[in-house]
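Under the working numbering, the letters of the sequence shown match residues 194 to 588, in that order.
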Amino acid sequence: MIKMNQHYKELKSSYLFYNISQKTQQYCDEHPGTHLLKLGIGDVTLPLAGEVIKALHGAVDDQAEKETFSGYMPECGADYFLSAVNSYYQARGVQLAQDEIFVSSGASDELGDILDLFAEDNTALIMEPAYPAYVDANVMAGHRIVHMPSGRENGFVPDPDESIDADLIYICSPNNPTGAVFSREQLKRWVDYANTKGAVILFDAAYECFIEDEAIPHSIFEIEGARTCAIEICSLSKTAGFTGTRCGYTVIPRDLERGGMVLHDMWIRNRTTKTNGISCILQKGAAAVFTPAGQKAVRENIMVYKNNAKVLMEALDTCGIWYCGGKNAPYIWMKCPDGAGSWEFFDRLLQETQIVGTPGEGFGSCGEGYFRLSSFGDAEDTREAAARLKKLLKK
Ligand code: PLP
Numbered sequence: 194m195i196k197m198n199q200h201y202k203e204l205k206s207s208y209l210f211y212n213i214s215q216k217t218q219q220y221c222d223e224h225p226g227t228h229l230l231k232l233g234i235g236d237v238t239l240p241l242a243g244e245v246i247k248a249l250h251g252a253v254d255d256q257a258e259k260e261t262f263s264g265y266m267p268e269c270g271a272d273y274f275l276s277a278v279n280s281y282y283q284a285r286g287v288q289l290a291q292d293e294i295f296v297s298s299g300a301s302d303e304l305g306d307i308l309d310l311f312a313e314d315n316t317a318l319i320m321e322p323a324y325p326a327y328v329d330a331n332v333m334a335g336h337r338i339v340h341m342p343s344g345r346e347n348g349f350v351p352d353p354d355e356s357i358d359a360d361l362i363y364i365c366s367p368n369n370p371t372g373a374v375f376s377r378e379q380l381k382r383w384v385d386y387a388n389t390k391g392a393v394i395l396f397d398a399a400y401e402c403f404i405e406d407e408a409i410p411h412s413i414f415e416i417e418g419a420r421t422c423a424i425e426i427c428s429l430s431k432t433a434g435f436t437g438t439r440c441g442y443t444v445i446p447r448d449l450e451r452g453g454m455v456l457h458d459m460w461i462r463n464r465t466t467k468t469n470g471i472s473c474i475l476q477k478g479a480a481a482v483f484t485p486a487g488q489k490a491v492r493e494n495i496m497v498y499k500n501n502a503k504v505l506m507e508a509l510d511t512c513g514i515w516y517c518g519g520k521n522a523p524y525i526w527m528k529c530p531d532g533a534g535s536w537e538f539f540d541r542l543l544q545e546t547q548i549v550g551t552p553g554e555g556f557g558s559c560g561e562g563y564f565r566l567s568s569f570g571d572a573e574d575t576r577e578a579a580a581r582l583k584k585l586l587k588k
């Protein structure tokens, strides 16, 4: 009889977004006509930039003509897309060979698929609070999980602990949900730890475009030694509003070897077996993000979100509420006032201000007592939310 992956039985039900939608639905049913101020979403709200739309339309038209039609695409990425991404890295001083970059249909897909490279008998280190998919993907893969809590005392940016043996290390910087970023020195300590332990870092750079402090690395490959221990997973979802359009990229340096195997070569073998590449239409649209006009256009949208974050931070500053994030990230991670629990604060915000946020407890138990505000909402709603937050928190 067929044997099923028993690890699925170990998955904990994720009540976070289900509970949020149940509670907000109930509120709307009891208060018909209410306009909710949605600061809970991790999705973008602005449309694709004009430059991207133009390229997507052009790519569709190309498919209508024999001379420009594309059939199967190279599994690891079209030359025009990979060279566009490569120039983006080069502009920040990161030298990659073009074939070290792989196109993807987004970071979520890659964070799950990449686990194919690693045996079941491995331990994943997950710094919490964390993006919930890290834990679930490792449960499905049958890995042991070490939950590494972080907190206000280390700014939600933990240092390696030599006494912990881990094989896979997740680093998300800028972080979802805390908005915290790892400094160059902190990343160097993790790179040294991974090289010493023979571990692999999975560096999630989904929010790199929000970094504004010059000193903060956008890529793990800005750190010496990372080429022998890290894989970087990036996405155009937040950079360019591709959450529904889907395109991203992954970097695996040729120098990354473990157990006598070259991970880059393994990934080529994986991609050429398990995918037939990403649509040429999407890759042409995505390549437009990296042109000077594309960069200018996507930056304009990012600035709208960054301005939302500023408005929210200003409200929290006025009320003397502790938070991190917001400056180099689209998320603000605030301490719930008056020692409230994160669901308790969720209810209070919803009932008294009609603001919907995300309770920190949903990102790991050390998130209890904290709350995530997202800057991806509508600008006018965010201004209104900031005004209501000020009123509530000053009470
Ligand atoms: N990584 C982090 C930290 C995220 O927050 C998200 C999405 O919210 C993703 C990855 C997934 O992004 P994508 O849309 O590229 O699958």
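Glycine included, C-beta positions come from ideal geometry on N, C-alpha and C.
Original post:
Helix, strand or coil: which one does DSSP assign to His-457?
Top reply: helix
**OP:** Decide if His-224 is buried, meaning its Cβ has at least 16 other Cβ atoms within 10 Å, or exposed.
**Re:** exposed
Original post:
Contact check, Leu-509 vs Thr-546 under 8 Å by CB: the rounded distance?
Top reply: The Cβ separation is near 14 Å, so there is no contact.
Original post:
Leu-395 lies in the beta strand (DSSP E); which residues open and close that run?
Top reply: 393-397
Original post:
Can you check whether the CB of Gly-441 is closer than 8 Å to the CB of Gly-299?
Top reply: yes
Subject >> Given 8 Å, three or more beta-carbon pairs between the segment 484-499 and the segment 244-254 >> reply: yes
Original post:
Ordered along the chain, which non-local residues of its own chain (more than five positions away) have a Cβ less than 8 Å from that of Val-339?
Top reply: Thr-316, Ala-317, Leu-318, Ile-319, Ile-357, Ala-359
**OP:** Starting from Glu-442, follow its DSSP beta bridges and name the residues at the other end.
**Re:** Checking the displayed sequence, the identity of residue 442 turns out to be Tyr instead of Glu. Partner(s): Val-296, Cys-427.
Subject >> Closer than 7 Å: Ala-481 CB and nearest the ligand PLP heavy atom >> reply: no
Subject >> Residues that Trp-526 bridges to, as DSSP identifies them >> reply: Cys-517, Arg-565
Original post:
Is the distance from the Cβ of Ser-535 to the Cβ of Phe-564 below 8 Å?
Top reply: yes
**OP:** Would you identify the three-state DSSP class for Met-266, choosing helix, strand or coil?
**Re:** coil
Original post:
Quick one: what does DSSP say His-250 is sitting in, helix, strand or coil?
Top reply: helix
Subject >> Among Pro-370, Val-296, Asp-329, Phe-311, the one whose alpha carbon lies nearest that of Glu-321 >> reply: Pro-370
**OP:** Give every residue whose Cβ lies closer than 6 Å to any heavy atom of the ligand PLP, listed in chain order.
**Re:** Gly-235, Gly-299, Ala-300, Ser-301, Tyr-324, Cys-365, Asn-369, Asp-397, Ala-399, Ser-428, Ser-430, Thr-436, Gly-441
**OP:** Could you have a look at Arg-451 and say whether DSSP puts it in helix, strand or coil?
**Re:** strand
Subject >> Cutoff 8 Å; reference Tyr-324; Cβ partners in own chain excluding five residues on either side >> reply: Cys-365, Asn-369, Pro-370, Asp-397, Phe-556
Original post:
Going by the CB atoms, is the gap between Asn-494 and Leu-239 shorter than 8 Å?
Top reply: yes
**OP:** Could you tell me whether the Cβ atoms of Pro-485 and Phe-403 are closer together than 8 Å?
**Re:** no
Original post:
Can you name the start and end residues of the beta strand (DSSP E) that Arg-337 belongs to?
Top reply: 337-342
Subject >> Simplified DSSP state of Pro-240, which is helix, strand or coil >> reply: coil
Subject >> Where Lys-499 falls: helix, strand or coil (DSSP) >> reply: helix
Original post:
Going along the chain, which residues of its own chain have a beta-carbon closer than 7 Å to the beta-carbon of Asp-571, five neighbours each way excluded?
Top reply: Thr-238
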